[in-house]
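Residue 33 in my numbering sits at position 33 of the sequence shown; the count goes up by one each step and never skips.
To start, the structure under review is shown below, and the notes come after it.
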Amino acid sequence: MKLIITLFLLCIVNFGFSQINKAEYFIDTDPGTDMGFEIPITQGDDITKSFSINTTGLSLGIHTLYIRTRDINKFLVLIL
Numbered sequence: 001m002k003l004i005i006t007l008f009l010l011c012i013v014n015f016g017f018s019q020i021n022k023a024e025y026f027i028d029t030d031p032g033t034d035m036g037f038e039i040p041i042t043q044g045d046d047i048t049k050s051f052s053i054n055t056t057g058l059s060l061g062i063h064t065l066y067i068r069t070r071d072i073n074k075f076l077v078l079i080l
């Protein structure tokens, strides 16, 4: 089963950070920076992106989806 998610990947508070250039997601357990499933994006200050998440292999029950973004200075923003 696939879950289709539409998310607004934003740098929540812009403290002068650069544009977002990478996004990734993971479910339940953090595999480490740059080790999640990549979300292809076009670099920008605010990102709006629709993408599919493969839920094959997940057990029945509650799971947590995490989305992490990075700017060109490698500052990470974790969106829950």
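Glycine residues also receive a C-beta, built at the ideal position from the N, C-alpha and C atoms.
Can you tell which of the options has its C-alpha closest to the C-alpha of residue i?
i, options, result
"Ser52", "Ile62, Arg70 and Glu24", "Glu24"
"Ile143", "Gly61, Ser50 and Met35", "There is no way to answer for residue 143, as the model of the chain reaches only from 1 to 80."
Between residue i and residue j, which are expected to be in contact by the criterion C-beta below 8 Å, what is the C-beta distance as a whole number of angstroms?
i, j, result
"Gln43", "Ile20", "7 Å"
"His63", "Asp28", "5 Å"
"Thr55", "Lys22", "23 Å between Cβ atoms; not a contact."
Taking the continuous beta strand (DSSP E) assigned at residue i, which residues delimit it?
i, result
"Ser52", "Asp46 to Asn54"
"Asn21", "Ile20 to Ile27"
Just how far apart, CA to CA, sit residue i and residue j?
i, j, result
"Ile72", "Phe26", "21 Å"
"Ile39", "Asp45", "16 Å"
"Gly57", "Thr48", "27 Å"
"Ser59", "Asp34", "25 Å"
For residue i, name the three-state secondary structure that DSSP assigns.
i, result
"Arg68", "strand"
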